[in-house]
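There are 2 protein chains.
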Amino acid sequence: MTVNVNFSGNYQELVSPELTERLQTIANKMNDGTAAGSDFLGWKNWPSTIDAELVSRIQETAKKIQQQADVLVVIGIGGSYLGSKAVLEALREPFKSATGVEIIFAGHLVSGAYLKNLMTYLDGKEVAVNVISKSGKTTEPAIAFRFLQDYMEKRYGQKAAERIYVTTDAEKGALLDVAKEKDYARFVVPDDIGGRYSVFTSVGLLPIAAAGYSIESLLSGAKRAEQELVEVHTDTNPAIQYAILRDHLYRAGYPVEIMAVFEERLTFVQEWWKQLFGESEGKEGKGIFPASVLYSTDLHSLGQYVQDGKRMLFETFVNVESVGDDLVMQQAANDSDELNYLAGKSLHEVNGAVQQATAEAHLSGGVPLITLSIPALDEDTIGYLLYFYMLSCAYSAYLLDINPFDQPGVEEYKVNMFRILNKPGY
Amino acid sequence: MTVNVNFSGNYQELVSPELTERLQTIANKMNDGTAAGSDFLGWKNWPSTIDAELVSRIQETAKKIQQQADVLVVIGIGGSYLGSKAVLEALREPFKSATGVEIIFAGHLVSGAYLKNLMTYLDGKEVAVNVISKSGKTTEPAIAFRFLQDYMEKRYGQKAAERIYVTTDAEKGALLDVAKEKDYARFVVPDDIGGRYSVFTSVGLLPIAAAGYSIESLLSGAKRAEQELVEVHTDTNPAIQYAILRDHLYRAGYPVEIMAVFEERLTFVQEWWKQLFGESEGKEGKGIFPASVLYSTDLHSLGQYVQDGKRMLFETFVNVESVGDDLVMQQAANDSDELNYLAGKSLHEVNGAVQQATAEAHLSGGVPLITLSIPALDEDTIGYLLYFYMLSCAYSAYLLDINPFDQPGVEEYKVNMFRILNKPGY
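Here the protein sequences line up with chains A and B, keeping their order.
When the count follows my numbering, it moves up by one through the first sequence with no breaks and lands on 521 for the last residue.
When the count follows my numbering, it moves up by one through the second sequence with no breaks and lands on 521 for the last residue.
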């Protein structure tokens, strides 16, 4: 398995015949379409059934974007940007640019300074835009697209249409209408896949391909996950194991999960994970609150709280077994910093010691620990990892008797906002 | 006051004569040096007593760095980097460079790829280094400095010493010894100011000045805060008010505080705040767990959990009254995105509506709300804000009967790590 799960406690004693039966029932209901929210289970078989022609079309479009532009501005919010952002950051080596175009996100905030300065930044560069919105009416990205569409038309005139790519509903919606009218290239947000499960659709794939990464490898990792994680094997299926552990820890009085990473590249996988689990489970007064830390820097920050603060936390470490570039500690003539004892060790080995030391320290402080190990940070592994999380999240929410696929609470601020802003009809 | 506090509940009924007396006792003990951890209260009168010659010397050194270098690599972890990082990010307008040198942080992680690629990145640029460590033996920055010192000496030979700036203990320590031996310019980490309270010392000021920001304005904001917030006035002192509210909410069953910002520039003030409060309060099985969100993007992520998840959260909004650059929504010929109702409104106004709408939504979902309002994002305001947090944090921890100024839990992973790595003596 590409993801391996370890637990600081006794996992075996958490697995009862009743629990296994509940999980099997959940699996059956997802398969036969009777689970809550089954209309949004399109992500489940997506990696094995994605249209090869769609993948080719995305790759060709990505090539075209790379030829015509230096920068691709990706307009989206929530699931329309977190998936591609997570993959891009996980794959990007520090201080290196991607081989394709530079990706800049917009429409995830309402900020005049951000948009205004972005447009100034774009002035010296060739630009393309990918606007991603199922309805075309979500306020934040719609505002950003208004300004950027105007910018593109002023700058490129009629030719702007060749540089604007729309990812939206197949059949209806404001953005689809504009795309048809202006003859923008179009990609589809499937009806049966919600935003936070959309990273393997055009929503995530077009920006990732444009940046120069292999969406074939990403999808093949996801497909392997889909196939390997299909059976409810409590002994060997890491998605089932992670769901069982989370459910157990939540019920045992640990309502806060801290995802700890030791590689800065994974910090947006953390943000994606927060949306996935927080938005899927945080309903009806229930759910684990997802938080994140980057060690070892945060060992000198939230580490103190984790070690000794209020006991309501469990941690999930993401362990990356092998990193690419590395450095080896050398013997120094003057050992005033007292680091010569590390000579011959790679920094990845030292980082591994930080991880093991932290695990022991936090365990002794009363923090249960789950460890997810992955082999590397490449497209295939990240594809596998994200599918693993999506599947495990579904089981985890169903174990709480929560529909993982709706987000009723997101509407409330929108309705208030429309009223405050005097939108007609509110 | 530069920071104004608002609360969704009835603040007045939380203030009793007993509580006021407790707070006055805390203030008295801090003043006469009998409070727990009083050896580390040097930050309290620092803004009003900082040596003008030190400020001049930092400014002159910053100018020298700007003349000799394109990039200043700042090596530090925890309080040795979060303060300057928070200020730099808060002041930096999106897509704009600072007027001074580029600042890149190192030594906050153990990553060979990061350091190796950083050195490649530096190859085409003129470089200076500021290494910040009280003892010189903290593993992460010590490793980074070993590699970067070697890099600088290979690249600049004897002249490397003119480009390396050391911020360390005044009297002793490994880094001081090296600085003396090599004749590096030196700045002092005061003995009576801990890392998370050190932003107004040379630790924070040198990188901030080198980046081109006004440390005089930063310090004058902090000094005004020191003077305005000195008295225990529960009606008018925002530091006292914030401490009272946090203490009340913690005891009322809300152990998680979410600091919500609506400006991306404040996300590292959030990281600094997490260290300040988490490391000061998270002891003896007590303390509020500090978490953070960036709205409106996270309204499409953790927003669902905040609205409907497990009820243990309160929120603290940071409201910025005025931003600099902005854009105004225009009437469009084709209103297919249905945004014409916003015509004439600035994006800052729309963002204000998002904030008000979110406050109402989350309140109706059972999330108590504190709002901290600040006028702008400039040096003076940020200086005031950070001092406000530091002072309020001290009161808040003392109200929990916690010493705000130690961090016993940070040592545990270090001891384990030295053992695992076979450091002599462990």
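In this text, a Cβ means the ideal position worked out from N, Cα and C, and glycines have one as well.
All figures in this text were calculated on a predicted structure; none of them were measured in a lab.
- According to the DSSP assignment, Glu-455(B) belongs to the alpha helix (DSSP H) that extends over 442-459.
- With a minimum length of 3 residues, the unbroken runs of beta strand (DSSP E) contained wholly in the stretch 460-518 of chain A fall at 464-469.
- Inclusion of Gly-207(A) and His-443(B) in the CB contact set at 8 Å is warranted, their separation being smaller than that value.
- Pairwise C-beta distances place the stretch 177-194 of chain A out of contact with the stretch 428-446 of chain B, as fewer than three of them are shorter than 8 Å.
- At a beta-carbon threshold of 7 Å, the residues of chain B lying near Ile-172(A) are Thr-392, His-395, ordered along the chain.
- Per the coordinates, the alpha-carbon of Asp-218(A) lies some 17 Å from the alpha-carbon of Glu-188(B).
- Any Cβ of chain A closer than 8 Å to the Cβ of Asp-473(B) would place that residue at the interface, and such an atom is absent.
- Between Pro-236(B) and Gly-290(B), the C-beta spacing is not below 8 Å.
- The closest CA to that of Asn-414(B), considering only Asp-403(B), Leu-434(B), Leu-361(B), is found on Leu-361(B).
- Annotation: Phe-372(A) is outside any beta strand (DSSP E); the continuous alpha helix (DSSP H) that includes it extends over 362-376.
- For Arg-250(A), the closest C-alpha among the options Lys-229(A), Arg-281(A), Thr-215(A) is that of Thr-215(A).
- With a threshold of 8 Å between beta carbons, Ser-206(B) makes contact with chain A.
- DSSP, read as helix, strand or coil, puts Ala-164(B) in coil.
- For the stretch 185-200 of chain A, the set of positions with a beta-carbon nearer than 7 Å to some beta-carbon of chain B reads Glu-188, Pro-189, Phe-190, Lys-191 in chain order.
- Under the DSSP assignment, Tyr-251(B) falls in the alpha helix (DSSP H) whose first and last residues are 234-251.
- Boundaries of the alpha helix (DSSP H) harbouring Ala-122(B): 112-127, taken from the DSSP string.
- What Ile-515(B) touches in chain A, judged by beta-carbon distance under 7 Å, is Ala-448, Gln-451, Ala-452, going in chain order.
- A straight line joining the alpha-carbon of Thr-329(B) with that of Val-110(B) spans about 7 Å.
- Residue-level contact check: His-443(B) touches chain A, since one or more beta carbons of chain A fall below 8 Å from its beta carbon.
- For Leu-177(B), the enclosing alpha helix (DSSP H) starts and ends at 177-186.
- In this structure, Gly-404(B) sits near Lys-378(A), with a CB-CB distance shorter than 8 Å.
- About 20 Å separates the Cβ atoms of Leu-458(B) and Val-445(B), ruling out a contact at the 8 Å cut-off.
- Under the three-state reduction of DSSP, Glu-197(B) is assigned to strand.
- By the Cβ neighbour-count rule, Gln-244(A) is buried, with 16 or more other Cβ atoms within 10 Å of its own.
- Using a CB distance cut-off of 8 Å, Ile-160(A) does not count as an interface residue toward chain B.
- For Tyr-260(A), the uninterrupted beta strand (DSSP E) run begins and ends at 259-263, by DSSP.
- Residues of chain A with a Cβ closer than 8 Å to the Cβ of Phe-242(B) are, in chain order, Leu-422.
- Shown here, Thr-144(B) sits in a helix according to DSSP, grouped into three states.
- Under the Cβ distance rule, Asn-225(B) does not count among the residues neighbouring chain A, no pair being separated by less than 8 Å.
- Of the residues Gly-268(A), Leu-494(A), Ser-417(A), the one whose Cα lies closest to the Cα of Ile-121(A) is Leu-494(A).
- Counting only runs of at least 3 residues, the stretch 316-360 of chain A fully encloses the following beta strand (DSSP E) elements, listed from N- to C-terminal order: 351-356.
- The alpha carbon of Pro-519(B) has as its nearest neighbour, out of Val-182(A), Gln-322(A), Glu-433(A), Phe-384(A), the alpha carbon of Glu-433(A).
- Less than 8 Å separates the beta-carbon of Glu-352(B) from that of Phe-409(B).
- Per DSSP, Phe-190(B) has no beta-bridge partner at all.
- When rounded, the separation of the alpha-carbon atoms in Val-418(B) and Gly-174(B) is 28 Å.
- Of the candidates Asn-140(B), Leu-114(B), Thr-115(B), the residue whose Cα lies closest to the Cα of Met-125(B) is Asn-140(B).
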